[in-house]
Structures are given as C-alpha cells and as structure tokens.
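*Asks:*
Protein chains: 2
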Amino acid sequence: MSIVDVEEIEYARRRIAPFIHKTPIETSLTFDEMFAFGRNVYFKCENLQKCGSFKIRGAMNSVIKAKEEKPLLKTVMTRSSGNFGGGLAYSAKLHDLNCYIVSPQRGSELKRHIAESYGATVKLYKSTFADRDNLIARVKEETGAEYIESSAQESTLCGQGTCGLEILEQVPEVDAVIVPCGGGGLLSGIATAMKTRKPDVKVYGVEHSHALNAKRSFDKGSLFIPEELPATICDGLGNTTLSQLTLDHILEYVDDIIPVPDEESVQAVKFLMYRVKMAVEPSGAIAAAVLMDPKNIEKYFKHCNNIVVVLSGGNFDFINKATLLQT
Amino acid sequence: MSIVDVEEIEYARRRIAPFIHKTPIETSLTFDEMFAFGRNVYFKCENLQKCGSFKIRGAMNSVIKAKEEKPLLKTVMTRSSGNFGGGLAYSAKLHDLNCYIVSPQRGSELKRHIAESYGATVKLYKSTFADRDNLIARVKEETGAEYIESSAQESTLCGQGTCGLEILEQVPEVDAVIVPCGGGGLLSGIATAMKTRKPDVKVYGVEHSHALNAKRSFDKGSLFIPEELPATICDGLGNTTLSQLTLDHILEYVDDIIPVPDEESVQAVKFLMYRVKMAVEPSGAIAAAVLMDPKNIEKYFKHCNNIVVVLSGGNFDFINKATLLQT
Chain V
157 MSIVDVEEIE YARRRIAPFI HKTPIETSLT FDEMFAFGRN VYFKCENLQK CGSFKIRGAM
217 NSVIKAKEEK PLLKTVMTRS SGNFGGGLAY SAKLHDLNCY IVSPQRGSEL KRHIAESYGA
277 TVKLYKSTFA DRDNLIARVK EETGAEYIES SAQESTLCGQ GTCGLEILEQ VPEVDAVIVP
337 CGGGGLLSGI ATAMKTRKPD VKVYGVEHSH ALNAKRSFDK GSLFIPEELP ATICDGLGNT
397 TLSQLTLDHI LEYVDDIIPV PDEESVQAVK FLMYRVKMAV EPSGAIAAAV LMDPKNIEKY
457 FKHCNNIVVV LSGGNFDFIN KATLLQT
Chain Z
157 MSIVDVEEIE YARRRIAPFI HKTPIETSLT FDEMFAFGRN VYFKCENLQK CGSFKIRGAM
217 NSVIKAKEEK PLLKTVMTRS SGNFGGGLAY SAKLHDLNCY IVSPQRGSEL KRHIAESYGA
277 TVKLYKSTFA DRDNLIARVK EETGAEYIES SAQESTLCGQ GTCGLEILEQ VPEVDAVIVP
337 CGGGGLLSGI ATAMKTRKPD VKVYGVEHSH ALNAKRSFDK GSLFIPEELP ATICDGLGNT
397 TLSQLTLDHI LEYVDDIIPV PDEESVQAVK FLMYRVKMAV EPSGAIAAAV LMDPKNIEKY
457 FKHCNNIVVV LSGGNFDFIN KATLLQT
C-alpha cells in the first residue's frame, strides 16, 4: 500500500499554481441559521475553478508531470463522465498535447462540449464496464496516448489534494470538511493534506445513496465494485467507483462516508441557486445537502463549529435541463 | 428642480450600512476576451445583496428615515413589480412595521413570495395604470400606510446611490459604468454619486428595447409615459417608468440610455450562469448584455478601459421558469 506524502501535494501546488484559481470561500448566514443551527459553514467554491470544477487541479498536475518525464509526449487520454475530461482537455491544450476522452453515452452533454471546446476528441461507449474498457484499449492502441487516471493515479490525487491545503489557509479554524466522492480522488487528496497538517479535523466523504460503492468499500475495508452503476442526477459521481489507491487513502484518513439521496442534492442545488445565487451542479452540491438533513448534523457534526463544504463543480445545463431539477 | 447632494448619499450610506452587504466586484477574463476586446470589465454584484437585489438600499434608507420623522409609524406600503417589494418588506420587518405591496399580476411570483416571506401583504392589480392607482388609493385608505416610492423619492434615490460610492472605492480606476434603468432610481443615485466625485466617468443607463420610455424621456428632456407597458423578460424594469425626480437627475448626470433587446439580456443571463456560475435575473444582466454587442463597444466605450457593469438583481425562478430562457 502506497500513501502519498503531503510534501508531494505541496509540490503539486507549486507546479499547478500558475494555471489554476485559488478559489474563494463563500458563506451564507441564511444557510447557517436554517440548517446548521448557528454553526459556521464555509463553501469552498470549486464551481468557480477554471473549467468549472476541481478536476483541473489533478489533470494539470498529471499532464505537467507526464511532460516532465516524457518530453516528446504528443497525446494524452483518459476516461471521464465529464469534468475530468474538460480539465484534461484544457491542460493538454495549454501544453500542446492532443487529447482523447472516453466517456459514457449517458454522461453530461455540456461537459462533453467543454472538453471539445478545448480541442479534445470525445469517444462514447454505451454502458457497461466491458464496453468502456474495450474502447479505452482501442483508443490507446490507435493513438499511442499516455493514459491519465481521473483519480487512481498519485499525481492526480496530489493535484486534487491542493484544494485541502487552500482550505487550511483560508479557514484555519476548520474542524470538519465534507467532500463529494465518486472515484475518490478529491476526497483522498483533501483528507491526506488536511489530516496530516491538522490531525483532529473530521473528514467526511459523501456519495449519492443509489449505489453506496464507496460506503461499502469503506465499511468492509476492501474494494467493492458493482456490476452496473445505477442512474443518478449526480452525473459527476455516478459513473465511477473507488480505486485501490483512493480506497487506501480513504481508509487511512477519512472518518466516514455519508449517503445522500438525489432529491436532497437537488434541494441543495436550488438553495444555492436561489439564495446564494451560485450555479452548482448536483454532484457539486451534494456536500451541502449533507447539512440540510438535521439527522446528519446530530450524527456527524454535533461538536463541530466550523464546517467546510466543498462545492466541487458547477457544470450543469441549468436552463435546457431544468426539468431534471423540477421536483 | 431638486437634485440631491452627494452628502445625502454619504449620509444614507452610514444609515443603512449595518443592515446591508457591501457587495463584491467579480471579474471574468473570458468575458473580457470574448466581448470587451481586452478591456477590464468589473461586475458589481447586487444580485448578492440582501434580498437578492440593490432595492434594499433605497427601501432601508426610506424606512429608517420615515421612522425617524414619525416615531409612531406603524405601516408602510409601496407599489413594486418585485424586488423593491422584497426590500421594503425586509426593511419593515427589521423595524417592526407592517408592510403592504401593490403589485402587477404579471409580476414575478418568486419576488412576491420573497416579500411575503418577510411578512408583507401583497395586493395584485390587473394591468393598467388606472387599476394600479385605484388599488394604491384603496390600500392607503384602509391601512393608513406611509407610502414609500420605489424610485421617485429622494430618500430612496439616495439609498440606491450608495452603490455608486462603493463602486468608486472598489474600482477607483473606473472610467465607465452601465446601470439598468426601470424607474431610474439606481441610475439616478449612482450617476449623482459618481459624477460628483469623478466628473469624467461615463454613466450609461440601459433599458429593454420594447418600450424605450427612458430613452424617449432622455432625448426630449421631458417625461414620456406610455399608455401601456409592453411585456418583457426583464420583469424588474418593464413595469415602471421614470419619474420627474429621476429624470431630472438623469438629465443632469447621465451620458446616454442604451437599448437592449430581450434576447440579448437572455444571452447575458446564460453567459453569467454557465461561465461565471452566477445567478442573475434578466433585468439584472441587461447591463452585461450591452457589452456583448460589439456595436455598443464601438459606439459608447471606444476609449474606456475599466468598465463597471451593475448586475442589479438575481431573483428569477431559473428552474421552474427555465423555458422562458430557452431561446
């Protein structure tokens, strides 16, 4: 088992700093009063990150590292349901590389367009893991691309962890953080950075409750990979699972994984849109939804006063896909 | 003709400061590159103001002043298609006053709910100015309420002007400002504050091009009041006209009024939602739309390098009324 060192995350931070935003922290007194019983809630706004999500952090770090190691590198590829594809496409463009993205048909069209707008070629697979893996193999063979993992790769994980270092600087009084979890890269990275630097901080992952892949893996201490992934409004989380690398970090550093039903993620999207005036996609708002259920406050945050909620992305076609949010 | 003094706006600022936000300035490099040919554009985010629009500034100032002058005051009222109603309701609640809002049936339901959520009673009229004035008279008689003008009152205008003082502090290099114009309170207030303190700054109003009430009044130098107001997606601007008070200030301090078609306001809403991740209502985004038409840059902003765009409000039911934006 290999666990990354926080020094590597610090190094990633210096490497990607010129290319990404240090995203702001926002607060909402209304949220604190309505949902957090007066606790201070801090939104870490990765929806305002370049390309609209945290994914650029890991993608940029992996692309720069790959180019350092192979100066003649011409092409990179990945699989992604959306935001990692956009982040990789942008990072590749900035470093004069071609980029291929293998993406599920049911993934977000908007996110596909973002990747294409940065010059990437998107290849679609139909549904199963076998379809996906066949397509990956074919693209790899045809293009000779260097494969960049969207979470199961140390350089990507370290890039995502830079978000945790920023949180520690921006909210030094933080005593708990809630992080969306799909492949687990952001959760692993943030947990590693924050628990190393401030061991008594609570770190919780959150996943949509239709699948519970991460929760089951966490509870039994070994990777649980289901046959198929159920549909969810959280398209950024629902098309992937943990890897051994991210599970190792999660077992080492994360306190628990909290399940949230889609309806509650949608309520969080609406609150953030109507009251905070911020566009956050359902996968990105799921960590806010955790606090909108008083049972969770009682169970996980009873003794926490300064809770950071990571709003991980904002890429959703709010206007044309609004019916999906009309509950 | 009576023109308010900038000292009165300074005084209003001190009066309302404990109750409102100093709203942030946001920027978008993508916007600057795509639309402003490299000029610096600064968004003054009144959509992030308390109650979701600048209107609270004038409402709060007028309510506090009214209570200072009449300590036994029990009830206030106004007419408003939306945001001034919300602002007045909130201000009244904070100062233990009852509040009545006379509102057009075709006004925004969401904005009505905001006013009601702060305890106001909303009374609806059908369509014409006569309907409106009859209803105002009736409510006034029945409740004995003090009538607060949503723009045609010096205390309201001074409150709105506080936004201009903030802009001068936040963007001292400003050489042009674009301000949405319905009743003209925000435009008059900002123009008075900014032209007095920095006479060479350009101040432009912007109104939706279906009616052009403000532009016609501006061009002929006297109040133009149409028989009826055409429908517009800009519900915050389209249900009112200039008053003599606001026209006087506009003639004194404003450089021109720029017309913008509804379709372009909608494009601005979409850009701000998808790229800046910010919820801005169509009336609130209309000033950004000005810069998205290159003809306007050529005509009005050729020699301007630092342009402030006032995003005046963010109260729109984006999810349930999304079809209105699907063009």
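Those sequence lines, one after another, are chains V and Z. Sequential numbering from 157 applies to the first sequence in our numbering. Sequential numbering from 157 applies to the second sequence in our numbering. For every residue, glycine included, the Cβ atom is placed at its ideal position computed from N, Cα and C. Since this is a predicted model, take the numbers as computed values, not measurements.
Closer than 8 Å by beta-carbon distance: list the chain V residues that pair up with MET434 of chain Z, in chain order.
*Replies:* By Cβ distance, chain V contributes LYS433, MET434, ALA435.
*Asks:* Flag ASN203 of chain V as yes if its beta-carbon sits less than 8 Å from any beta-carbon of chain Z, otherwise no.
*Replies:* ASN203 of chain V counts as touching chain Z.
*Asks:* What does a CB cutoff of less than 6 Å around ALA192 of chain Z pick up in its chain, not counting 5 residues either side in sequence?
*Replies:* LEU447.
*Asks:* Could you check the C-alpha separation between ALA435 of chain V and GLY300 of chain Z for me, to the nearest Å?
*Replies:* Those two C-alpha atoms are separated by around 43 Å.
*Asks:* Using a Cβ cut-off of 8 Å, pull out every chain Z residue sitting near ASN196 of chain V, in sequence order please.
*Replies:* Residues of chain Z passing the Cβ test: none, with the nearest at roughly 17 Å.
*Asks:* Does LEU170 of chain V pass the burial test, meaning 16 or more other C-beta atoms within 10 Å, or should it be called exposed?
*Replies:* The displayed chain sequence assigns Arg, not Leu, to residue 170 of chain V. When all chains shown are included, ARG170 of chain V counts as exposed.
*Asks:* For a test of the three-state rule: what should DSSP assign to TYR303 of chain V, helix, strand or coil?
*Replies:* Note: TYR303 of chain V maps to strand in three-state DSSP.
*Asks:* Would a C-beta distance cut-off of 8 Å place VAL278 of chain Z and VAL464 of chain Z closer than the cut-off?
*Replies:* For VAL278 of chain Z and VAL464 of chain Z, no; Cβs fall outside 8 Å.
*Asks:* In the DSSP assignment, the alpha helix (DSSP H) including TYR256 of chain V goes from what residue to what residue?
*Replies:* Segment 254-260 is the beta strand (DSSP E) holding TYR256 of chain V; no alpha helix (DSSP H) there.
*Asks:* For SER365 of chain Z and GLN309 of chain Z, what's the separation of their Cα atoms in angstroms?
*Replies:* Those two C-alpha atoms are separated by around 26 Å.
*Asks:* Do THR348 of chain V and VAL160 of chain V come within 8 Å of each other at the CB atom, strictly closer than that value?
*Replies:* Yes; because the gap between Cβ atoms is below 8 Å, this pair is in contact.
*Asks:* Let's see if you can read the secondary structure: which residues bound the beta strand (DSSP E) around ILE323 of chain Z?
*Replies:* Note, ILE323 of chain Z: premise wrong, no beta strand (DSSP E); alpha helix (DSSP H) at 310-326.
*Asks:* 8 Å is my cut-off, CB to CB: does ASN239 of chain Z come that close to chain V?
*Replies:* For ASN239 of chain Z, the answer is no, since every Cβ of chain V falls outside 8 Å of its Cβ.
*Asks:* Does the region 379-387 of chain Z come close enough to the region 322-333 of chain Z that 3 or more CB-CB pairs lie under 8 Å?
*Replies:* Result no; under three Cβ-Cβ pairs closer than 8 Å.
*Asks:* Based on Cα-Cα distance, which residue from V:LYS226, V:MET216, V:GLY238, V:ASP188 lies nearest to SER247 of chain V?
*Replies:* Out of V:LYS226, V:MET216, V:GLY238, V:ASP188, V:MET216 has the C-alpha closest to the C-alpha of SER247 of chain V.
*Asks:* Does any residue of chain Z bring its CB to less than 8 Å from the CB of MET448 of chain V?
*Replies:* So no, MET448 of chain V is outside the interface.
*Asks:* GLY263 of chain Z and ASP404 of chain Z: beta carbons closer than 8 Å?
*Replies:* Going by C-beta atoms, GLY263 of chain Z is not nearer than 8 Å to ASP404 of chain Z.
*Asks:* Give me the residue from V:GLU329, V:LYS206, V:GLY340 with the minimum Cα distance to LYS354 of chain V.
*Replies:* The residue with the shortest Cα to Cα distance from LYS354 of chain V is V:GLU329.
*Asks:* Enumerated in chain order, which unbroken segments of the alpha helix (DSSP H) with a length of 4 residues or greater are wholly contained in the region 374-446 of chain V?
*Replies:* List check, alpha helix (DSSP H) in window: 400-409, 418-430.
*Asks:* Hey, how far is the Cα of TYR256 of chain Z from the Cα of THR396 of chain V?
*Replies:* Using only the alpha carbons, I get a separation of about 53 Å.
*Asks:* Quick check: the region 435-445 of chain V against the region 207-214 of chain Z, are there 3 or more CB pairs under 8 Å?
*Replies:* With the cut-off at 8 Å, the region 435-445 of chain V and the region 207-214 of chain Z do not touch.
*Asks:* So, ALA222 of chain V versus ALA478 of chain Z, is the Cβ gap smaller than 8 Å?
*Replies:* No. Outside cutoff.
*Asks:* Measure from the C-beta of LYS426 of chain V to each C-beta in chain Z and report whether the shortest distance is under 8 Å.
*Replies:* Closer than 8 Å: yes.
*Asks:* Below 8 Å on C-beta distance, what does GLN482 of chain Z contact in chain V?
*Replies:* Near GLN482 of chain Z (Cβ distances below 8 Å), the residues of chain V are ILE475, ASN476.
*Asks:* Quick one: list the residues of chain Z neighbouring GLY470 of chain V, beta-carbon separation under 7 Å, in chain order.
*Replies:* Chain Z residues near GLY470 of chain V: LYS433.
*Asks:* Among V:PRO386, V:VAL416, V:THR402, which residue has its Cα nearest to the Cα of LEU283 of chain V?
*Replies:* Looking at the sequence provided, one finds Ser at residue 283 of chain V rather than Leu. That would be V:PRO386, whose Cα lies nearest to the Cα of SER283 of chain V.
*Asks:* With a CB to CB cut of under 8 Å and the five nearest residues on each side skipped, what residues in its chain are close to VAL357 of chain Z?
*Replies:* Answer for VAL357 of chain Z: VAL330, ASP331, ALA332, VAL333, MET350, LYS351, listed in chain order.
*Asks:* Please confirm whether VAL362 of chain Z and ILE453 of chain Z have their CB atoms less than 8 Å apart.
*Replies:* No, Cβ-Cβ distance for VAL362 of chain Z and ILE453 of chain Z is not below 8 Å.
*Asks:* Taking only beta-carbon positions, decide if MET216 of chain Z is within less than 8 Å of chain V.
*Replies:* No, its Cβ sits nowhere closer than 8 Å to a Cβ of chain V.
*Asks:* When you compare each of V:ILE270, V:SER421, V:LEU228 to GLU302 of chain V by their alpha carbons, which one comes out closest?
*Replies:* Ranking the options by Cα distance to GLU302 of chain V, first place goes to V:LEU228.
*Asks:* Anything in chain V within Cβ reach of MET429 of chain Z, meaning under 8 Å, just list it in chain order.
*Replies:* Under the 8 Å cutoff, chain V gives ALA435, PHE474, ILE475.
*Asks:* Is the separation between the beta-carbon of GLU163 of chain Z and that of THR179 of chain Z shorter than 8 Å?
*Replies:* Result no, Cβ atoms of GLU163 of chain Z and THR179 of chain Z do not sit closer than 8 Å.
*Asks:* Strictly by DSSP, which residues pair up with GLU363 of chain V?
*Replies:* DSSP, once it has assigned bridges, lists V:PRO415 as partnering GLU363 of chain V.
*Asks:* Measuring only the C-alpha atoms, how far is HIS251 of chain Z from VAL219 of chain Z?
*Replies:* Between HIS251 of chain Z and VAL219 of chain Z, the C-alpha separation is close to 8 Å.
*Asks:* Just the C-alpha distance for ALA173 of chain Z and LEU393 of chain V, rounded to the nearest angstrom, thanks.
*Replies:* Rounded to the nearest angstrom, the two C-alpha atoms are 42 Å apart.
*Asks:* Nearest CA to the CA of GLN400 of chain Z: which residue from Z:PHE374, Z:PRO417, Z:THR234?
*Replies:* If we check each option's Cα against that of GLN400 of chain Z, Z:PHE374 comes out closest.
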